[in-house]
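Step one of this worksheet: look at the structure below.
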Amino acid sequence: MIINFKGANTYLGTGGKSLDINKRTLCFLHGSGQNHLSFIQQARFFAYKGYSVIVPDMPAHGFSDGNPCKSIKENAEWINDLLVKLNLKDVVVIGHSQGCLVALELNRILKNSLEALIFVAGSNEIPVNQFLLDLSKENPQKASQMMVTWGHGVDGDMSINKWPGHSHYGEGNNIMCMNKPTALMYDLHSCNDYSDGIDAAKNIKVPALAVLAKNDQMTPLKSGLKFVELIKNCEIHILNCGHFLPSERPIELNSIINSFLSKLK
Amino acid sequence: MSENYKFDTLSLHAGHIPDKETGSRAVPIYQTTSYVFNSTEEAASLYNMEVGGHLYTRISNPTVAALEQRLASLEGGASALACSSGMAAMHLVVSAICSSGDHIVASSKMYGANINLLQHTMPRFGVNTDFVNPNDPEAIKSAIKPNTKLVFGEVIGNPGLDIMDVPKIAKICNSKNVPLVLDATFNTPYLMQPFKHGANIIVHSLTKWLGGHGIAIGGAIVNGGNFDWGDKDKFPTISGPHFALGGISFWEEFGPSALIAKIRAEGMYNFGPSLSPTNAFHLMQGIETLPLRMKKHIENTHSILDFLVNHEMVEWVKHPDLETHPDHEVAKRILPKGSGSIVAFGIKGGREAGKAFIESVQLASHLANVGDAKTLLIHPGSTTHSHLSSEAMKEGGLTDDMIRLSVGLEDINDITKDFERGFKAVKKLNK
Ligand SMILES: Cc1ncc(COP(=O)(O)O)c(C=O)c1O
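From first to last, the protein sequence lines stand for chains A and B. If you use this note's numbering, the first sequence corresponds to residues 1240 to 1504, in order. If you use this note's numbering, the second sequence corresponds to residues -19 to 411, in order.
Below is the structure:
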């Protein structure tokens, strides 16, 4: 659905069901240069399981207008204001990649009042190399293409997909191309500049789940494992795929999230 | 992680890796209509399009999906859908995008069934088409109306071999927010990948060069994922609420793959032109050698062109790689590896000469297909168009001396020897 938020048309994917604020809400936060479509196979799945689902397109991403946020903190404040506007109280946040950093900051703002945090292919830090930072400014389309090919595991190369007829690369590139051209650059800089992740991770007091990818070239497994060690009682799973875990291993991811959610109060 | 595999590698591998249980190196033929659900929940999630998977072979099948993913990969598209024939693919696209009251702009120089569908069948359902010269971008531009929902053409036209200036026409379509749909049967992704030139949707007859062996009919739609369907007034059944799945918006939920998602949920569900798993296997077997075959098709075509151009019995030869072809410059630009292996030529002596030639050759097969590994010939004047006068044929861009040749992979000397046999018969007739 499209809402007017902070003076801009803002799109929230709801998984094909209408938002019901009386239900537990799963709020999915997309990664750098992505949008709600990186959770195609999660949004409908959880909406049809009886949760309220929101998958916001961050400003200048997907179908949302507005100017891109310029730091992880700004992203987190934007999400916090959105949750307030929608009057959502019983919220589980699921971040992918950059969305994990935003989730960490959001949890600080909300002083551990979320119901749970789920980190997918995430870490407490996402340094970005200078080449990609520069390319995202000069040629965002090319930078997107490189991220899509680096980001996927072997299944990407060969278009191995349980979703009949779909190509990870073709779809991934076009999802990123839907964003405003400056979106990627600000996202990558936000990730690179973020340095509060260790404190934020140590500060987590809500139930936490991390699903990491064995062949992650964007947030390497090593970094993800260090990150989850900082979190008290974090449930950890490692899947054999690349960084684009939500589309590479949707069924496994959904099942892990589903059983984690069923254990929550 | 990317290896950035090249075209030849993807032709062999894309869409399939050996499964752990059997290790089967070849793509298994999943000859089944349906799939056991592990739970009611799983069944519901497939019906609701929550996650990918198979529920009934009319909608999708693992063997067919491997073919689809191979095609998506070779074309650089977001997704693909294979179906029972090239014509089924064409109809699925038109019926997914257009509703009664909508308008299409199409090339006037296309395969007969493509023309028939748009000229005679679709108007009965309220979808009308204006046909324009595919080589005239300005004419295409001015034919686009507010209710135009797609522009359609063949990259290499059948049988006239007109070449569409795809980048120019794509730019026009893009500026008018109308998708450019191309029949890329004659070029295949080996010779040209239309998405790289700005096209939005590709339809293929897999029956031809992609399958390449004249053994299975099949078609496919490849979705570039590069078209914005967001205008709810213009594309209400793709971006607005659709009757399927409780008012789903395919554009919002599936983005780049909206069109293919819609075709699966509507076209495959309700019309049902599915491809058999066995035919998908045969077609994929063909795609494995597509690069090798296309190279040889082009090599042989160029040799045959030399032979025909210099032959005393040949009145004229038409192929876009010849400088004399009106679209030669466009062909050089967008089809640098060659513009396919169909050649049209005229035999001195008119309709009777054409007939004599066809009836005398032995190696080349006289039949109504193209794109086989074997050399094929047809003489429209004495077969498909025999009921037409010379004048009527001319109006359709054909002449009564014209032979359509689909150059095969045989030893080139054997092909030319066979043709000499045909020419000898014509000489006898002309005496
Ligand atoms: C250019 C072109 N498109 C489409 C088709 C239809 O293909 P099929 O026979 O697979 O339906 C043909 C068949 O000759 C063709 O030549």
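For each residue, glycine too, the CB sits at the ideal point set by N, CA and C.
Check                                                                                                                            : Outcome
Backbone CA spacing between E1491 (chain A) and N167 (chain B) [nearest angstrom]                                                : 40 Å
Terminal residues of the alpha helix (DSSP H) in which A68 (chain B) lies                                                        : G66 to I77
Proximity test, Cβ basis, 8 Å: I1333 (chain A) and chain B                                                                       : no
Residues that G1252 (chain A) bridges to, as DSSP identifies them                                                                : A:V1294
Residues of its chain near K1262 (chain A), where Cβ-Cβ distance is below 8 Å and the 5 sequence neighbours each way are ignored : G1289, Y1290, S1291 and D1329
Whole-angstrom distance between D213 (chain B) and A126 (chain B), CA atom to CA atom                                            : For the sequence presented, residue 126 (chain B) should be read as Pro rather than Ala. Near 11 Å, if we compare the C-alpha coordinates of D213 (chain B) and P126 (chain B).
Spatial neighbours of L1321 (chain A) in its chain, beta-carbon cut-off 7 Å, leaving aside the 5 residues before and after       : F1244 and P1295
Cβ-heavy atom distance, F1278 (chain A) to ligand 1, below 7 Å                                                                   : no
Nearest neighbour of T13 (chain B), chosen from B:I39, B:T20 and B:A23 [CA to CA]                                                : B:I39
Start and end residues, alpha helix (DSSP H) containing H277 (chain B)                                                           : L270 to V289
Own chain, CB closer than 6 Å to L51 (chain B), minus 5 neighbours either side, in chain order                                   : A60, A200 and V202
Environment of Q1369 (chain A) [buried if 16+ CB atoms lie within 10 Å]                                                          : exposed
Supposed contact pair S319 (chain B) and I77 (chain B) - C-beta distance, whole angstroms, cut 8 Å                               : Actually they are not in contact, since the Cβ atoms of I77 (chain B) and S319 (chain B) sit about 28 Å apart, beyond 8 Å.
heavy atom of ligand 1 below 7 Å from M67 (chain B) C-beta                                                                       : yes
Nearest to N1314 (chain A) (by Cα), restricted to the options A:L1343, A:V1393, A:D1455 and A:V1331                              : A:L1343
Test item: CB-CB of Y234 (chain B) and A224 (chain B) under 8 Å                                                                  : For the record, residue 234 (chain B) in the displayed sequence is Phe; it is not Tyr. No, the Cβ-Cβ distance between F234 (chain B) and A224 (chain B) is not below 8 Å.
M1417 (chain A) at chain B interface by Cβ criterion, 8 Å                                                                        : yes
Any non-hydrogen atom of ligand 1 within 7 Å of F325 (chain B) CB                                                                : no
CB contact check: L162 (chain B) to chain A, cutoff 8 Å                                                                          : no
At least 3 beta-carbon pairs within less than 8 Å: the stretch 1265 to 1273 of chain A vs the stretch 1412 to 1422 of chain A    : yes
Any chain A beta carbon closer than 8 Å to I182 (chain B)                                                                        : no
V350 (chain B): CB within 7 Å of a non-hydrogen atom of ligand 1                                                                 : yes
S386 (chain B) - DSSP class collapsed to helix/strand/coil                                                                       : strand
Spatial distance of S366 (chain B) from I9 (chain B) (CA atoms)                                                                  : 42 Å
Cα-Cα separation between K151 (chain B) and S1501 (chain A), rounded to whole angstroms                                          : 51 Å
Contact the stretch 348 to 357 of chain B vs the stretch 379 to 391 of chain B: 3+ CB pairs below 8 Å                            : yes
Counted within 10 angstroms of its Cβ, other Cβ atoms place G81 (chain B) as buried (16 or more) or exposed                      : exposed
CB contact flag (V7 (chain B), A46 (chain B), <8 Å)                                                                              : yes
Minimum length 4: unbroken alpha helix (DSSP H) runs contained in the stretch 1308 to 1364 of chain A                            : 1311 to 1324 and 1337 to 1348
Rounded straight-line distance, which links the Cα of L160 (chain B) to that of H262 (chain B)                                   : 29 Å
Assigned exposure category for L109 (chain B) - 16 Cβ within 10 Å defines buried                                                 : Looking at the sequence itself, residue 109 (chain B) is Thr, so the reference to Leu does not match. Classification for T109 (chain B): buried.
L1349 (chain A) versus A:H1476, A:N1442, A:G1255 and A:Q1281, residue with shortest Cα-Cα distance                               : A:N1442
Beta-carbon separation (whole angstroms), E30 (chain B) vs F1284 (chain A), contact threshold 8 Å                                : 4 Å
Residue closest to F105 (chain B), alpha-carbon to alpha-carbon, out of B:I120, B:D116, B:I84 and B:S122                         : B:I84
Simplified DSSP state of W1389 (chain A), which is helix, strand or coil                                                         : helix
M1240 (chain A), buried or exposed, once every other Cβ within 10 Å from all chains shown has been counted against 16            : exposed
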